[in-house]
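The next block holds one structure in the form of structure tokens; read it before the comments.
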Amino acid sequence: MARKRRGNNRALLAVAALAGFSQPVSAAIIGTCTIMVGASGTMAANPAISILSSKQAGGSSASATVVASSLVCSLLNLLDCYSVSAPAPAAFSSAPSGGGTNVTFASVFRLDGSGADINGSVPQKLVNGTHAMQIDLIATKSSGIFPAGSYQGTVTVRCE
-14 MARKRRGNNR ALLAVAALAG FSQPVSAAII GTCTIMVGAS GTMAANPAIS
36 ILSSKQAGGS SASATVVASS LVCSLLNLLD CYSVSAPAPA AFSSAPSGGG
86 TNVTFASVFR LDGSGADING SVPQKLVNGT HAMQIDLIAT KSSGIFPAGS
136 YQGTVTVRCE
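The opening residue of the sequence shown carries number -14 in my numbering; numbering runs sequentially from there.
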């Protein structure tokens, strides 16, 4: 009977040892991507008052800083471990009555001082390091004009 118990103990010890090896070590493998929100942007109207955009004269881009860091990317010399995007919202966060009707939204962003606009919905691959980001929101009214009042739109920056 004692012999049978020893066999079971060895089996349990083997299972425990295997379980110890299968524990994830996600912090060292996955890495991090941190987004630090900077200045808010300002939207301005075009002369016809049918477009509100941070790209219009008098408008200003929002800003953020993205810091990508992955040990696996560094060790394997990979260049595309994280991607960043800034898709347009479906609606204004706040708008006067009728201000959000018949409106389509688009967003663009630029990375690291580049003058080239990137469609906000298209993920841009990042290398490890710190990246400056400028984000613009464009709201276009398909019919009529934007009524007077205060408008607010929120673009969510994603790092995946």
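All C-beta atoms, glycine included, are put in the ideal place defined by N, C-alpha and C.
If I follow the unbroken beta strand (DSSP E) through residue i, where does it start and stop?
i, result
"Ala80", "It is not in any beta strand (DSSP E) - Ala80 carries neither H nor E in the DSSP assignment."
"Ala71", "Neither: Ala71 is in no beta strand (DSSP E) and is coded neither H nor E."
Quick one: residues in its chain with C-beta nearer than 6 Å to the C-beta of residue i, no 5 flanking neighbours on either side, listed in chain order?
i, result
"Ala80", "Tyr136"
"Ala30", "Leu37"
"Val52", "Thr19 and Thr115"
Could you name the residues of the same chain whose beta carbon sits closer than 7 Å to that of residue i, not counting the 5 residues immediately before and after it, in chain order?
i, result
"Ser68", "Pro108, Gln109, Lys110, Leu111 and Glu145"
"Ala49", "Ile20, Met21, Val22, Gly23, Met118, Ile120 and Val142"
"Lys98", "Reading off the sequence shown, one finds Gly at residue 98, where the question assumed Lys. Cβ within range, chain order: Ala117."
Using only CA atoms, which one of the options lies nearest to residue i?
i, options, result
"Thr89", "Val57, Ser82, Ser55 and Phe131", "Phe131"
"Cys18", "Ser78, Pro72, Gly98 and Thr115", "Thr115"
"Ser127", "Met28, Ile34, Gly26 and Ser78", "Ile34"
Excluding sequence positions up to five away, which residues of its chain have a Cβ less than 8 Å from the Cβ of residue i?
i, result
"Pro9", "For Pro9, the predicted model reports a pLDDT of 46, less than 50, meaning its position is unreliable; a value from the coordinates is still stated below. No residues qualify anywhere along the chain."
Q: Pair every Cβ in the segment 33 to 44 with every Cβ in the segment 118 to 128, then say whether three or more of these pairs are closer than 8 Å.
A: In short, these stretches touch, since the Cβ pair count reaches three.
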